């Protein structure tokens with residue numbers, strides 16, 4: 018079965034650089050979520066999109082932005098990177114009519130900021 | 054503010070040794086409590102949703118239960134492949150899928 022696809026899987030950037038992460042949700046899933054998981058921490062909600070519109074926002078820094086495109090894929094753009102941005106970034110999708118908390122997570126993109 | 058606290062932080066079990074993980078929560082109006090399993094370096098994998106006190110869900114060797122203040126994940130006769138971090142989460146606010154996770158319980162099952 019198709020899963021949530023994230024790219025790149027690993028990314029190394031310098032401080033103050035910019036990074037873009039991509040997410041391709043499961044077909045016919047209408048909502049996309051971005052979560053950030055720091056080392057040894059639980060996942061933290063960043064932002065979500067429903068039918069290409071931003072539906073909710075969490076603890077996402079102003080340096081970060083995201084959008085969902087017409088083909089439902091989503092991109093998370095991170096600028097002026099800081100050491101503390103080093104983390105695993107997960108994208109998840111939820112199917113229309115599914116249980117409220119049943120999210121399908123991708124394998125994650127590991128960002129390392131040097 | 055919604056809070057989710059999991060205990061213990063880590064649990065080491067012998068194969069076949071049953072045990073329970075705890076998740077206590079404080080939320081203003083529970084809209085769902087969720088259990089996920091996470092393997093190292095992988096995304097969380099959905100296990101269960103519980104909506105109301107008294108509800109129980111089972112899947113293979115796992116059974117999740119819910120009371121008004123806490124949830125338990127029982128692992129019966131675990132196998133080494135049950136080794137993972139188990140995350141508990143609640144829905145934060147009105148937005149479906151906006152989850153607040155606990156810190157997780159890391160379970161290691163040895164043969």
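Chains as they are written, first to last, in the working numbering: chain A, 18 to 131; chain B, 54 to 164.
Note that CB positions come from ideal geometry on N, CA and C, so glycine has one too.
Remember, predicted model here, so these are calculated numbers, not experimental data.
Given this structure, state the Cα-to-Cα distance separating residue i from residue j, to the nearest angstrom.
| i | j | result |
| --- | --- | --- |
| residue 140 of chain B | residue 115 of chain B | 13 Å |
| residue 93 of chain B | residue 137 of chain B | 7 Å |
| residue 53 of chain A | residue 130 of chain B | 33 Å |
| residue 88 of chain A | residue 71 of chain B | 46 Å |
| residue 143 of chain B | residue 87 of chain B | 6 Å |
| residue 60 of chain B | residue 73 of chain B | 9 Å |
| residue 167 of chain B | residue 129 of chain A | There is simply no residue 167 of chain B to check, as chain B begins at 54 and stops at 164 in what is shown. |
| residue 63 of chain B | residue 105 of chain A | 21 Å |
| residue 107 of chain A | residue 69 of chain B | 33 Å |
| residue 55 of chain A | residue 98 of chain A | 15 Å |
| residue 75 of chain B | residue 65 of chain A | 29 Å |
| residue 76 of chain A | residue 96 of chain A | 16 Å |
| residue 118 of chain A | residue 85 of chain B | 7 Å |
| residue 103 of chain A | residue 29 of chain A | 9 Å |
| residue 67 of chain B | residue 73 of chain A | 43 Å |
| residue 125 of chain B | residue 156 of chain B | 15 Å |
| residue 57 of chain B | residue 19 of chain A | 31 Å |
| residue 55 of chain B | residue 119 of chain B | 17 Å |
| residue 95 of chain B | residue 108 of chain B | 29 Å |
| residue 134 of chain B | residue 127 of chain A | 24 Å |
| residue 100 of chain A | residue 31 of chain A | 9 Å |
| residue 21 of chain A | residue 109 of chain A | 7 Å |
| residue 25 of chain A | residue 164 of chain B | 36 Å |
| residue 128 of chain B | residue 146 of chain B | 30 Å |
| residue 125 of chain A | residue 106 of chain B | 33 Å |
Can you tell me where the beta strand (DSSP E) with residue i in it begins and where it stops?
| i | result |
| --- | --- |
| residue 93 of chain A | 91-95 |
| residue 52 of chain A | 46-54 |
| residue 73 of chain A | 70-74 |
| residue 39 of chain A | 36-41 |
| residue 57 of chain B | 56-60 |
| residue 88 of chain B | 86-91 |
| residue 142 of chain B | 137-144 |
| residue 102 of chain B | 98-103 |
| residue 127 of chain A | 126-130 |
| residue 65 of chain A | 61-67 |
| residue 152 of chain B | 152-154 |
Have a look at the DSSP bridge pairing and note the partners of residue i.
| i | result |
| --- | --- |
| residue 112 of chain B | B:115 |
| residue 123 of chain B | B:77 |
| residue 85 of chain A | A:91 |
| residue 160 of chain B | B:64, B:137 |
| residue 110 of chain A | A:49, A:121 |
| residue 23 of chain A | A:40 |
| residue 28 of chain A | A:128 |
Can you tell me whether residue i is buried or exposed? The criterion is at least 16 other CB atoms within 10 Å of its CB, across all chains shown.
| i | result |
| --- | --- |
| residue 97 of chain B | buried |
| residue 99 of chain B | buried |
| residue 79 of chain A | exposed |
| residue 89 of chain B | buried |
| residue 82 of chain B | exposed |
| residue 144 of chain A | Summary: the structure shown does not reach residue 144 of chain A, with chain A confined to residues 18 through 131, and so no result is reported for it. |
Is it the case that the region 31-47 of chain A contacts the region 108-115 of chain A, given that we only count it when at least three CB pairs across the two stretches are under 8 Å?
yes
Taking contact to mean at least 3 C-beta pairs separated by less than 8 Å, is the region 79-96 of chain A in contact with the region 33-44 of chain A?
yes
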